[in-house]
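Novice: Those sequence lines, one after another, are chains X and Y. Be aware that the first sequence starts at 187, since it is given in the numbering used here, and climbs by one per residue. Be aware that the second sequence starts at 255, since it is given in the numbering used here, and climbs by one per residue.
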Amino acid sequence: MTLETSPEVESRVVDKQLALVSVEDVTKHFPIGAGLLGGGSAVRAVDGVSFEVRAGETLGLVGESGCGKSTLGRVIAQLHPATSGKVIFQGQDLVPMRGEKLRRMRQELQMIFQDPYASLNPRMTVGEIIGEPLKNFGLARGKERSNRVHEVMRTCGLNPNFLNRYPHEFSGGQRQRIGIARALVLNPTFIVADEPISALDVSIQAQIVNLMEDLQNRFKLTYLFIAHDLSVVRHLSDRVAVMYLGKIMEIADSHSIYENPLHPYTKALLSSIPIPDPDLEAKRQPILLQGEIPSPVNPPSGCRFHTRCPIAQFPICSEQVPPLESKVDGHLAACHFAGQL
Amino acid sequence: MATAPSDYVFQDEFTADSTYEVGEAVSLWKDAWRRLTSNYFALFGLAVIVLLLLVAIVSQFWTPYPTWKQGIGPTYGGPSAAHPFGLDQVGRDILSRLMGGAAIALAVGLGTALLSSVIGIALGLLAGFYRGWVDTMISLLINVWYGIPDLLVVMLFVVIINSRELKWIIVAISITAWLNMARLVRGQTLALREREFVEAARSIGTRDVGLLTRHILPNALGPIIVQATYLIPAAILFEAFLSFLGLGAPPPEPSWGAMCAEGYKSLQLAAHVTLVPAFALAITLIALNAFGDGLRDALDPRMRR
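1) Can you tell me where the beta strand (DSSP E) holding Y330(Y) begins and where it ends?
2) Less than 7 Å between the beta carbons of V248(X) and V428(X), yes or no?
3) So, are the CB atoms of W399(Y) and L433(Y) less than 7 Å apart?
4) At a Cβ cut of 9 Å, what residues of the stretch 435-458 of chain Y count as close to chain X, listed as they run along the chain?
5) Could you tell me which residues DSSP puts in a beta bridge with P217(X)?
6) What's the gap between the Cα of V195(X) and the Cα of T257(X)?
7) Sort out for me which residues DSSP pairs G246(X) with in a bridge.
8) Fully enclosed by the stretch 262-321 of chain X, which beta strand (DSSP E) runs are 3 residues long or longer?
9) Run through chain Y and tell me which residues come within less than 8 Å of A304(X), C-beta to C-beta.
10) Report the CB separation of C408(X) from G242(X) in whole angstroms; it is logged as a contact under 8 Å.
11) CA-CA distance, A296(Y) and I479(Y)?
12) Give every residue of the same chain whose Cβ lies closer than 7 Å to the Cβ of L360(Y), excluding the five residues on either side of it in the sequence, and list them in chain order.
13) Does the stretch 415-433 of chain Y come into contact with the stretch 444-462 of chain Y, if we say contact requires no fewer than three beta-carbon pairs (one atom in each stretch) closer than 8 Å?
14) With DSSP as the reference, identify every bridge partner of S442(X), one or two as the case may be.
15) Using a Cβ-Cβ cutoff of 7 Å, what residues of the stretch 278-292 of chain X are near chain Y? List them in chain order.
16) Given the structure, does E511(X) come close to the ligand MN, in the sense that its CB is under 6 Å from one of the ligand's heavy atoms?
17) For L561(Y), which of helix, strand or coil comes out of DSSP?
18) Give the DSSP-derived three-state secondary structure of D547(Y) in the structure shown.
19) When you compare the CB positions of V302(Y) and A532(Y), do they come within less than 7 Å of one another, or not?
20) For the putative contact between H449(X) and E467(X), defined by C-beta atoms under 8 Å, what is the C-beta separation to the nearest angstrom?
21) Tell me whether the beta-carbon of V426(X) lies closer than 7 Å to the beta-carbon of I443(X).
22) My output table needs one value for F383(Y): the three-state DSSP class, helix, strand or coil.
23) Can you pull the DSSP bridge partners for H517(X)?
24) When Cβ atoms are compared, which residues of the stretch 387-401 of chain Y fall closer than 9 Å to chain X?
25) Would you report the Cα separation of P477(Y) and G365(Y), rounded to the nearest angstrom?
26) In chain X, what lies closer than 7 Å to T329(Y) by C-beta?
27) In this structure, how does DSSP classify R340(X) when only helix, strand and coil are distinguished?
28) Quick one: list the residues of chain X neighbouring G476(Y), beta-carbon separation under 9 Å, in chain order.
29) Under the three-state reduction of DSSP, which class applies to A310(Y): helix, strand or coil?
30) Measure the C-alpha to C-alpha separation of W510(Y) and V338(X) and round it to an integer number of angstroms.
31) Can you list the residues of chain X that H469(Y) reaches, using a CB-CB cut of under 7 Å?
32) Rounded to a whole number of angstroms, what is the C-alpha to C-alpha distance between I458(Y) and E294(X)?
33) Identify, in the order they occur along the chain, each residue of the same chain with its Cβ nearer than 7 Å to the Cβ of P302(X), setting aside the five sequence neighbours on each side.
34) Under 7 Å between the Cβ atoms of A525(Y) and L420(Y)?
35) Examine the Cβ distances between the stretch 343-350 of chain X and the stretch 487-495 of chain Y and report whether three or more of them are shorter than 8 Å.
36) Note down the Cα distance separating Y518(Y) from R351(X), rounded to an integer number of angstroms.
See below:
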């Protein structure tokens, strides 16, 4: 029996209206400078985020460096405990789970990491790396385990003859395939991909994107795809969420976010993508944002974007936090003046 | 959306390169061995260690003269054909005693390195991995232990146990020698536990025991081995020091340290009594360091070609 025809995959639902993962008001604060007498402050990496990932879709999560998107991915994958909030997966809240119960849950919930050099143990062979998840859950032994590893390697475009090689003997693209194979071998439902292609050469990026799309179709996977670049996400995502300074600014299906961005931040990000047509590119007028991204230790009051927003009006933008609400059928934006830029 | 081929062909840059040969898969240890044997300094160290081991084993069955027998020849007799390294202050054959001393040195060195490494690695891993109050307690123990002179600990231990048998000497030195190993392993563990591959291992459901034994310990092995090879000569010297104070292996055990101590009073008269065991100690120390350094380089997977 191959992975593809396993009952788990057969019974997996692809329904892009149905929430597979619900993130409810999640925060993640990293305390800093907390001394013996207390009184330390905190980096508010993720500060009250709610959204859902629907069964079988790819949700793209984009934002600048330091906006908290990788932290959010790790909180959802339960690699960092959330400070507060809920992450509901298959009807269960993952946040309070600990120990063996959480470990069991990880079978369904896998992660692909950004750096294919740092995320593979240099002391283990490729076969050991890909076989380890099976070992952890006692899923297959001996010959059966090596057959599964062979199958997954082939599925991910790796030559099974290289089973006994060490990670440093492979190129970046190959290593990322090893990372993908390791995530896939447990036959998970949901994969958090934390910038899986941003450490790779441009020529290799497309191969990894195609591989991930192909795997999604074959195994009915659901992805949360984190990236700092809207143009990469456009190709892959059913829906896109834009994050700024620990909060979601806009969520919509990818067509409407690219064709009709409502939030000025999204608009600014989109206007910075070069157009591969010299005539159009010459006419492109990027919206240049003023200043630096503020510190997440002490974020701006009201709308977090108001310090850099070209259409901010005072005092409303610096006093009232705009709720993330539906503006046009299912297109959510957190802006008092959505669509006015 | 991409079409779903039934099987991926190996299509990226890795296999597109036709000059890449599959070759046989070499295991890490085989490869490390190959690199070790191409390092002449390390090979010299290994050769000396092997020689010492052979001598130590042979000495248990045969020495030219009994190691304890006095008056075999003239007191302070110089090197001769019958006694290549001469005779000591009571006319014992120094070559025979040197051979017996090799066995004591290796037993103390290896035994201490093994026992204190086990203690140090276990406590270092626990402190670095679990942090929090576990780390606080273990670090406190280490810092307090550092403040107590090693000699005092060993003397108290020997008095309490009321035995100077070699195995108790080894235990006594070990309970003072694990501190540096524990600190080293704790530091390595603190750094390694934050590495992405450890996080990745957690995400695939690896239990704490697996994280420690498969991911953290193997990646700290290089520095641990180097530290352990430093423990061996340090333990040999410490045992010599104890013998000098009359706390080591009791006479007439041919400990190199005791031999040096016995000979230093007559250094001007018969330097060979001190110099021969001192030279043996020095060579052993250099050999162990050379081998340790070679091993460190050989075990580093980034050195693989």
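Where is the CB? At the ideal position from N, CA and C, for every residue including glycine. All values reported here derive from a predicted model rather than from experimental measurement.
Specialist: Let's see:
1) Counting along the chain, Y330(Y) falls outside any beta strand (DSSP E), and DSSP gives it neither H nor E.
2) yes
3) yes
4) R449, E450, F451, V452, E453, A454, A455, R456, S457 and I458
5) A228(X)
6) 29 Å
7) F411(X) and V426(X)
8) 270-275 and 295-298
9) R449, E450 and F451
10) With the sequence shown as reference, residue 408(X) is identified as Thr, and Cys is not the correct amino acid for it. Confirmed, about 6 Å.
11) 14 Å
12) L306, L307 and A310
13) no
14) Note: S442(X) sits in no beta bridge, so no partner.
15) R289 and R292
16) What this structure holds is no ligand at all, so the ligand MN is not there to describe.
17) Any answer about residue 561(Y) is impossible in this case: the structure gives chain Y only from 255 up to 559.
18) helix
19) no
20) Going by Cβ atoms, the distance from H449(X) to E467(X) rounds to 24 Å, so no, they are not a contact pair.
21) yes
22) helix
23) V514(X)
24) none
25) 19 Å
26) None at all; the shortest Cβ gap to chain X is about 58 Å.
27) helix
28) Within 9 Å Cβ-Cβ: nothing; G476(Y) doesn't reach chain X, min ~10 Å.
29) helix
30) 60 Å
31) N307
32) 10 Å
33) G358, R361, Q362, G365 and A385
34) no
35) no
36) 57 Å
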